[in-house]
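**Q** Structure incoming, see below.
In my numbering, the protein residues as written are 42 to 288.
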């Protein structure tokens, strides 16, 4: 599998392990799920303190609204917010929020879903590689041991929808377990690339491709490290939510 799927298009390596580039959105949008007054203020350019206040208020309002609705169409619209409206608006609201805050965690949940949906085939391979090492992850994340691309897409929706319609902490636990396995898969893949290239170099005496292989492996390890950080963010978010301290 090429590392390019983790660095090209609108998916970029970041400190959260996955990030949708705002330039990937087709247009700035005004999603109906967010208060138009908030969006009007954003377009006017507020100071960071005001943006922070709005990020917390909008995350809490969105979560509360879906928790109190029985309309499946509302749930679906919220889950696919990035798909239908682009990432620009929620990026302005939530992307700078700390990971131990509600908007920060919701940003990471949305980005996890987008990353899974857009890289489903590669992520399915990484899961199959990493899952045997992570013994309890399948049960926690709710993923089959040998998922295909469609299973990954369904899991992406299930984790995010569970955050809105079920136990928020359980959804974060699932997200954490899932990203742990993918990080393990990336590390194992990186090691395989390096070992294979070293064996080829020892056999053929060609060293030109060894550096390239080591560079690819280093990129995979870097992404894995970012994912592990995000996994810890999800776990800590679940802990804070259960204590009533995720705001």
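Note that CB positions come from ideal geometry on N, CA and C, so glycine has one too.
Since this is a predicted model, take the numbers as computed values, not measurements.
1) To the nearest angstrom, how far is it from the Cα of residue 250 to the Cα of residue 238?
2) Does the region 130-139 come within contact of the region 211-218, defined as at least 3 CB pairs closer than 8 Å?
3) Keeping to the same chain, check which residues put their C-beta closer than 7 Å to that of residue 199; ignore five residues upstream and five downstream.
4) Could you have a look at residue 330 and say whether DSSP puts it in helix, strand or coil?
5) When the Cα of residue 277 is compared with those of 143, 102 and 111, which residue comes out closest?
6) So what's residue 274 in DSSP terms, helix, strand or just coil?
7) Please state whether DSSP places residue 235 in a helix, a strand or coil.
8) Taking just the CA atoms, how far does residue 266 sit from residue 70?
9) From residue 164 to residue 97, what distance separates their C-alpha atoms?
10) Is there contact between the region 224-237 and the region 278-285, where contact requires at least three CB pairs shorter than 8 Å?
11) Considering residue 121, what are the terminal residues of the alpha helix (DSSP H) in which it resides?
12) To the nearest angstrom, how far is it from the Cα of residue 201 to the Cα of residue 240?
13) Tell me, to the nearest whole angstrom, how far the beta carbon of residue 212 is from that of residue 161; I am working on the premise that it is less than 8 Å.
14) Determine the direct distance from the alpha carbon of residue 257 to that of residue 148, and round the result to whole angstroms.
15) Counting only runs that start and end within the region 166-213, where is the alpha helix (DSSP H) found for 4 or more residues in a row?
16) How many Å lie between residue 187 and residue 90 at the Cα?
17) Can you tell me whether DSSP reads residue 129 as helix, strand or coil?
18) Hey, out of 280, 269, 253 and 152, whose CA is closest to residue 41's CA?
19) How many whole angstroms separate the CB atoms of residue 119 and residue 103, which I take to be in contact at a CB cut-off of 8 Å?
20) Can you give me the start and stop residues for the alpha helix (DSSP H) that residue 99 sits inside?
21) In whole angstroms, what is the alpha-carbon distance linking residue 172 and residue 179?
22) Taking the alpha-carbon positions, what's the residue 100 to residue 209 distance?
23) Could you tell me which of 169, 112 and 274 sits nearest to residue 192, measuring between CA atoms?
**A** Result, derived from the coordinates:
1) As a position in the chain shown, residue 250 is number 209, starting the count at 1. As a position in the chain shown, residue 238 is number 197, starting the count at 1. Approximately 7 Å between the Cα atoms of the pair.
2) The region 130-139 is not in contact with the region 211-218.
3) What you label residue 199 is simply residue 158 of the chain shown in a count that begins at 1. Excluding sequence neighbours, residue 199 sits near 183.
4) This structure gives no information on residue 330, because the portion of the chain shown stretches from 42 to 288.
5) Residue 277 sits at position 236 when you count from the first residue of the chain shown. When C-alpha distances from residue 277 are compared across 143, 102 and 111, the shortest belongs to 143.
6) Within the chain shown, residue 274 is the residue found at index 233, counting from 1. Residue 274 falls in the helix class under three-state DSSP.
7) Here residue 235 refers to the residue found at position 194 of the chain shown. Three-state DSSP puts residue 235 in a helix.
8) The residue labelled residue 70 in the question sits at position 29 within the chain shown. The residue labelled residue 266 in the question sits at position 225 within the chain shown. Here the model assigns residue 70 a pLDDT of 34, short of 50, so the residue's position is not dependable, and the following value carries that caveat. When rounded, the distance between both Cα atoms is 33 Å.
9) The residue given as residue 164 occupies position 123 in the chain shown. The residue given as residue 97 occupies position 56 in the chain shown. Going from the Cα of residue 164 to the Cα of residue 97 covers about 31 Å.
10) no
11) Along the chain shown, read from residue 1 onward, the residue named residue 121 stands at position 80. No alpha helix (DSSP H) contains residue 121, which DSSP labels as neither H nor E.
12) One-based indexing of the chain shown puts residue 201 at position 160. One-based indexing of the chain shown puts residue 240 at position 199. Those two C-alpha atoms are separated by around 43 Å.
13) Residue numbering aside, residue 212 sits at position 171 when the chain shown is read from its first letter. Residue numbering aside, residue 161 sits at position 120 when the chain shown is read from its first letter. Their Cβ separation, rounded to whole angstroms, is 19 Å, which puts residue 212 and residue 161 out of contact at 8 Å.
14) Counted from its first residue, the chain shown places residue 148 at position 107. Counted from its first residue, the chain shown places residue 257 at position 216. Taking the straight line joining both Cα atoms gives about 28 Å.
15) 178-182 and 190-206
16) Here residue 187 refers to the residue found at position 146 of the chain shown. Here residue 90 refers to the residue found at position 49 of the chain shown. Rounded to whole angstroms, residue 187 to residue 90 spans 46 Å at the Cα level.
17) The residue labelled residue 129 in the question sits at position 88 within the chain shown. Three-state DSSP puts residue 129 in a helix.
18) Lying outside 42 to 288, the shown extent of the chain, residue 41 is not represented and no answer is given.
19) Reading the chain shown from its first residue, position 78 is the one you call residue 119. Reading the chain shown from its first residue, position 62 is the one you call residue 103. Right, the Cβ-Cβ distance comes to about 7 Å (below 8 Å), so this counts as a contact.
20) For this step, residue 99 is matched to residue 58 along the chain shown. Residues 89-108.
21) Within the chain shown, numbered from 1, the residue matching residue 172 stands at position 131. Within the chain shown, numbered from 1, the residue matching residue 179 stands at position 138. Looking at the backbone, the Cα of residue 172 and that of residue 179 are separated by about 7 Å.
22) To locate residue 100, count along the chain shown from 1; it is residue 59. To locate residue 209, count along the chain shown from 1; it is residue 168. Distance between the alpha carbons of residue 100 and residue 209 is about 13 Å.
23) On the chain shown, residue 192 is found 151 positions in, with the first residue counted as 1. That would be 169, whose Cα lies nearest to the Cα of residue 192.
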